[in-house]
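To keep things clear, I will list the structure first and then write my remarks on it.
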Amino acid sequence: MPLASGATQRKRGVLGRRQTADELVRHDTNPDSSRPDCVEVDAGAPPPSPSLKALLRQLPRHQQILAAVGLVLLLGVLASSGYRYQLTDSAPRGIYRFRPGPIERGRWVILCPPADAARLAVERGYLGSGPCPGGVEPLLKRVAALPGDRVAVARDGLHVNGTRLPASAPLERDLNDLPLPLAPFGEHAVEPGTVWVIGEHPRSFDSRYFGPVDERLVLSVADAVVIWEATP
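Just so we're aligned: 7 in numbering that gives the first Met the number 0 is position 8 of the sequence shown, and the numbers increase by one with no gaps anywhere.
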């Protein structure tokens with residue numbers, strides 16, 4: 000998950016352009032609601048709350064500029080205090096505080112991708128440059144499984160201790176129609192010193208594709224401070 004600290008985010012969802020790690024899986028053109036990339040909509044549900052971007056667009060032009068400048072200054076101050084904002088689909092958009100803390104199931108963490116995943120991310124442009132081994136930026140993911148847990152990788156998703164995780168079905172090709180590596184299908188015992196991680200978006204780049212992660216690659220835990228848009 001690319002994490003922003005004031006820089007402009009890259010445009011998303013355009014084939015042929017550089018992708019982010021959370022855009023890597025292409026949409027299927029078959030409108031089969033059983034597929035993980037299809038979303039059912041409840042016609043009776045209330046409309047979603049407007050995003051921050053939509054709210055800003057309702058302001059006069061000069062107020063948009065002032066609001067944008069103020070937001071950049073605020074985020075710069077927050078970044079110096081261990082706060083960051085994230086704008087990708089892998090986790091709810093908002094401001095997170097990064098700090099040392101115990102690695103627990105269900106907790107958001109900042110981690111570096113394993114070596115093979117980092118190499119693939121560089122080759123295909125899934126991730127921007129950053130401080131992680133291989134020169135890539137870190138990911139924001141949720142801890143799905145800890146040592147002692149059992150993870151089953153199947154066509155319909157990741158199962159942790161018998162419970163299937165939502166939106167976790169592994170997909171075989173990215174948005175450029177290139178094949179994706181998949182974690183071996185079957186049941187795995189989570190080894191000591193490793194964790195499995197998952198994003199909240201069906202196209203998230205996570206343990207479905209690179210398997211377990213060495214705990215030493217986990218940089219910090221991440222606490223959501225302000226959320227302005229949930230995961231699509």
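Glycine included, each C-beta is placed from N, C-alpha and C at the ideal position. Quantities reported herein were computed from a predicted structural model and do not represent experimental measurements.
Is it right to say residue i is buried, meaning 16 or more other beta carbons lie within 10 angstroms of its own, or is it exposed?
{"i": "Ala188", "result": "exposed"}
{"i": "Leu72", "result": "exposed"}
{"i": "Phe250", "result": "The first residue shown for the chain is 0 and the last is 231, placing residue 250 beyond what the model contains."}
{"i": "Asp173", "result": "buried"}
{"i": "Ser128", "result": "exposed"}
{"i": "Val225", "result": "exposed"}
Is the CB-CB distance between residue i and residue j below 8 Å?
{"i": "Cys131", "j": "Pro112", "result": "yes"}
{"i": "Val194", "j": "Val212", "result": "yes"}
{"i": "Pro137", "j": "Ile109", "result": "yes"}
{"i": "Pro183", "j": "Val152", "result": "yes"}
{"i": "Val142", "j": "Arg106", "result": "yes"}
{"i": "Leu58", "j": "Ala90", "result": "no"}
For residue i and residue j, which I take to be in contact (beta-carbon distance under 8 Å), what is that distance rounded to the nearest angstrom?
{"i": "Ala166", "j": "His200", "result": "7 Å"}
{"i": "Gly133", "j": "Arg118", "result": "6 Å"}
{"i": "Trp227", "j": "Arg92", "result": "6 Å"}
Would you report the Cα separation of residue i and residue j, rounded to the nearest angstrom?
{"i": "Ile197", "j": "Glu214", "result": "15 Å"}
{"i": "Ala144", "j": "Ile94", "result": "25 Å"}
{"i": "Arg25", "j": "Ala67", "result": "In this prediction, Arg25 has a pLDDT of 36, which is less than 50 and means its spatial position is unreliable; what the coordinates show is noted afterwards. Rounded to the nearest angstrom, the two C-alpha atoms are 32 Å apart."}
{"i": "Gly156", "j": "Glu171", "result": "12 Å"}
{"i": "Arg60", "j": "Asp205", "result": "39 Å"}
{"i": "Ile64", "j": "Arg56", "result": "11 Å"}
{"i": "Asn29", "j": "Ala168", "result": "Residue placement at Asn29 is poorly supported in this model, since its pLDDT is 38, which falls under 50; the coordinates are not used for a value here."}
{"i": "Arg202", "j": "Gly100", "result": "27 Å"}
{"i": "Arg207", "j": "Ala120", "result": "15 Å"}
{"i": "Tyr125", "j": "Leu70", "result": "27 Å"}
{"i": "Leu216", "j": "Glu122", "result": "20 Å"}
{"i": "Arg163", "j": "Arg154", "result": "11 Å"}
{"i": "Glu103", "j": "Asn175", "result": "35 Å"}
{"i": "Glu186", "j": "Gln62", "result": "55 Å"}
{"i": "Gly210", "j": "Leu181", "result": "8 Å"}
{"i": "Glu190", "j": "Val135", "result": "25 Å"}
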